[in-house]
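A.B. asks:
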Amino acid sequence: MRCHRGYINLGLLACFGVVSAASAADAPSVHVYNWYDYIGPTTLADFKRDSGIQPVYDTFDSAEVLEGKLMTSRSGYDVVVASNYSLPTLIKAGALAPLPRDQLPGWKNLDNDLLTKLANNDPANQYAVPYLWGTNGIGYNVDKVRAALGDKAPVDSWDLVFKEENLAKLGQCGVAMLDSPSEMLPVALHYLGLPPNSTHPEDYQKAEALLLKLRPHIAYFNSSKFISDLSNGNICVAVGWSGAMLEAKTNAEQAHNGVKIAYSLPKEGAPVWFDTLVLLKDAPNRAQGLAFIDYLLRPEVIAPVSDHLSYPNGNRAATPLVAEATRDNPAVYPSAAAMATLYTLEPLPKAAERVRTRVWSKVKNGQ
């Protein structure tokens, strides 16, 4: 549940102080598994300098790859960055170790409101530390949306994309949505006043009817293409991750192409997602893993990560250290009122998941 990221080459990894498992064998080490390009440019090297522990760092590019590795065998990793959506599955499988808070002095720095939301996926906050987080909302081309719908376009509401009279007009300049039933169908359900994590087939039939009515006006469903298309002006509206929209906005500004991108967190509420730090139950370097997690709980360590990636972190004590342009941007750090409307997504029972998958297939095919 995050925006497309570029791959890190081996030369950069060397600069970060990351080495192969073989070269780290004779030194204290911690084995970390994270999304690619999802850490500060000096964070790993700084950790090695401060702790004397060598980070051995590998990356993945999808939650499915992560779950597959953790569920099938001893991975050899100590600390993994797992989405809140994956936590119930990993907890149920016994893959994670409870976190001893007495060995994490930095726990006191965490935002209690975020921990409360995360507890929907990690009861009592036993296993996961919030690392970075974001929301799902609407990215849009300011000028093209105004041209299509006028100055009173409902850019602060899901009405922008779920009311057919609006989407029919926006369809002329291009609308894209995530290709993700686990993210799009909960939004449609919530818009209809239904539980976003519903397990009732009749609720999904209502969401299906809504989306099929809108389908002729949606250019495509894709979870990466919309970023460049939005920044280039090839589409005018996209439903996706906050970080993706900020990336599109930055790309347009750097290209000086005249495209003005904005991100809206709809007033009715939207999904909030967390990428979390977890310690594996079979971690070969447990003490070093806890040291790495606690290092990232330092305000002065995590604030530059937020600045670099334009994602908020879960550390309340770090907020004053985050660059003003980042912390004062409501697209990155939502207001308290906006936070109160956010909801987390949850894995469904297999029967309900099959229903959701079938519905999504029909929606994508338009039948």
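For reference, each letter of the sequence shown is one residue, going -24 to -1, 1 to 343 in mature numbering (1 follows the signal peptide of the UniProt record, and there is no 0). Yeah, the Cβ is synthetic: ideal placement off N, Cα and C, and Gly gets one too. Given the structure is predicted, the values throughout are model-derived calculations rather than measurements.
1. As a quick exercise: from H193, G216, K139 and K189, pick the residue whose alpha carbon is nearest that of K201.
2. Would you tell me roughly how many angstroms separate the C-alpha atoms of L125 and G150, rounded to the nearest one?
3. From N97, Y107, W83 and Y196, pick the residue whose C-alpha is nearest to that of V57; which is it?
4. Which first and last residues belong to the beta strand (DSSP E) in which N10 is found?
5. If you draw a straight line from the alpha carbon of I(-17) to that of A312, how long is it in whole angstroms?
6. Comparing the C-beta of L253 with each C-beta of chain D, is any distance below 8 Å?
7. Do A104 and L63 have their C-beta atoms within less than 8 Å of each other?
8. For the stretch 147 to 191, list the alpha helix (DSSP H) runs that are entirely contained and at least 4 residues long, ordered along the chain.
9. Restricting to Cα atoms, I'd like to know which of L165, A220, G169 and P192 is closest to A183.
10. Just to confirm, is the Cβ distance from N210 to D155 under 8 Å?
11. Can you grab the Cα-Cα spacing for the pair R292 / W11, in whole Å?
12. Does the contact criterion of 3 or more C-beta pairs under 8 Å hold for the stretch 272 to 286 versus the stretch 14 to 24?
13. What is the DSSP secondary structure of A21, counted as helix, strand or coil?
14. According to DSSP, is Y196 part of a helix, a strand, or is it coil?
15. Which whole-angstrom value describes the C-beta separation of K93 and V248, a residue pair presumed to lie in contact below a C-beta threshold of 8 Å?
16. Would you decide whether A327 is buried or exposed? Buried here means 16 or more other CB atoms lie within 10 Å of its CB.
17. Along the alpha helix (DSSP H) that carries G219, what are the first and last residues, could you check?
18. From the DSSP output, in three-state form, read off A39 for me.
19. Relative to the ligand ZN, is the shortest distance from any of its heavy atoms to the C-beta of R292 smaller than 7 Å?
20. With a threshold of 16 other CB atoms inside 10 Å of the CB of E141, please say whether the residue is buried or exposed.
21. By how many angstroms is the C-alpha of Y180 removed from the C-alpha of A21?
22. May I have a chain-ordered list of the beta strand (DSSP E) segments no shorter than 3 residues that lie completely inside the stretch 228 to 266?
23. Cα separation between V308 and D34?
24. Where does the unbroken alpha helix (DSSP H) through W336 begin, and where does it stop?
25. Can you find the residues in the same chain that come closer than 8 Å, C-beta to C-beta, to R122, ignoring five residues on each side of it along the sequence?
26. Answer yes if the stretch 37 to 55 comes into contact with the stretch 63 to 79, meaning at least three C-beta pairs across the two stretches below 8 Å, and no otherwise.
27. If you count every other CB in all the chains shown that lies within 10 Å of the CB of P31, and 16 or more means buried, which is it?
28. Taking its Cβ as the centre, do 16 or more other Cβ atoms sit within 10 Å of E178, making it buried, or is it exposed?
C.D. replies: This is what the structure holds:
1. G216
2. 14 Å
3. Y107
4. S5 to W11
5. Low per-residue confidence applies at I(-17): pLDDT is 35, beneath 50, and the placement is therefore not dependable enough to give any value.
6. Looking at the structure shown, chain D is missing, and only one protein chain is on hand.
7. yes
8. 157 to 167 and 177 to 190
9. L165
10. no
11. 23 Å
12. yes
13. helix
14. strand
15. 6 Å
16. exposed
17. S218 to A231
18. helix
19. Within the structure as shown, the ligand ZN is missing, as the structure has no ligands at all.
20. exposed
21. 48 Å
22. 237 to 240 and 248 to 255
23. 27 Å
24. K326 to N341
25. A129
26. yes
27. buried
28. exposed
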